[in-house]
Amino acid sequence: MILGEDVLLKLVKQEKIVVGLSEFELKKPEAAGFDLRLGSIFKLGINREKIFVIDVEEGVERFFDLKGGEQVLCTTVEELNVPNYLFAMVYPKQELFNLGLSVSVSNHGPCSKCFVRFLLINNNKKTVRVQLGSSMLRVSFIEVKKGVKQYNRPKK
Numbered sequence: 001m002i003l004g005e006d007v008l009l010k011l012v013k014q015e016k017i018v019v020g021l022s023e024f025e026l027k028k029p030e031a032a033g034f035d036l037r038l039g040s041i042f043k044l045g046i047n048r049e050k051i052f053v054i055d056v057e058e059g060v061e062r063f064f065d066l067k068g069g070e071q072v073l074c075t076t077v078e079e080l081n082v083p084n085y086l087f088a089m090v091y092p093k094q095e096l097f098n099l100g101l102s103v104s105v106s107n108h109g110p111c112s113k114c115f116v117r118f119l120l121i122n123n124n125k126k127t128v129r130v131q132l133g134s135s136m137l138r139v140s141f142i143e144v145k146k147g148v149k150q151y152n153r154p155k156k
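Reading the sequence shown from the start, the letters are residues 1 to 156 in our numbering.
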C-alpha cells in the first residue's frame, strides 16, 4: 500500500525519511509523495566534473543550459533515509516530458540512505534551460511486509 500524506509527514518528523524538503512540501504535500528538487549537476566522463551546485539557502535563481542530445548526472537537494519497513519509489515529474527531457532513475529499497542520483537527458535538438532547485522527481513510499533483509554489499 502506498502511504498517504498524513503518514508521510509523521514519518518525516519522527524518522526523517526525507531530509531537506522544501517548506511547501512540509506544509502541503500532495499525491501521496514529495517533490524532489535538482541540487547538483555533473558532466559525465571518466572524472565526474561538478559543474553546478545549488545552495538552497542563497535564494538566487541559477540556471543550466542543457544542450540538445546532452546528458548530465544529477543529485537531489533532499536526502532519503528509508527505514527497513519501507520502499521508496522515485519517478520523474510529467513536466519534464513536456520539455522533451527524460530521466533515468532507480528506486531505493529498505535501509537506503542517500541523495537520489539520476541521469537527465535532453531529447531535443535545441537547448533547454533547467533551473537548479526546480522539482524534477517525485518519491512515494510503500510499506514492505515481513522478511526484509538489510542490503549488505560486500566491500571491495
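Ideal Cβ placement from N, Cα and C applies to all residues, glycine included.
Per DSSP, Asn81 lies in no alpha helix (DSSP H) segment; the continuous beta strand (DSSP E) that holds it begins and ends at Gln71 to Asn81. Taking 8 Å as the upper bound for CB-CB distance, Arg37 and Glu70 are not in contact here, some 20 Å apart. The segment 61-70 makes no contact with the segment 80-97, as fewer than three CB pairs between them are under 8 Å. Cβ contact annotation for Gly20 (same chain, cutoff 7 Å, sequence separation greater than five): Val77, Glu78 and Glu79, in chain order. Between Gly4 and the set Gln131, Ser106 and Ala31, the nearest pair of CA atoms involves Ala31.
The three-state reading of DSSP puts Glu61 in coil, since its state is none of H, G, I, E or B. Taking Gln131 as the centre and dropping the five residues before and after it, the same chain places the C-beta of Phe63 closer than 6 Å to its C-beta, in chain order.
Only exposed fits Met1, as fewer than 16 other CB atoms lie within 10 angstroms of its CB. If you check the CB distance, Leu44 and Val82 do not come in under 8 Å. Short of 8 Å from the beta carbon of Lys93, and not among the five residues preceding or following it, lie these beta carbons of its own chain, in chain order: Asp35, Ser135, Met136, Leu137 and Arg138. Under the three-state reduction of DSSP, Val7 is assigned to helix. Beta-bridge partners of Cys111 (DSSP): none assigned.
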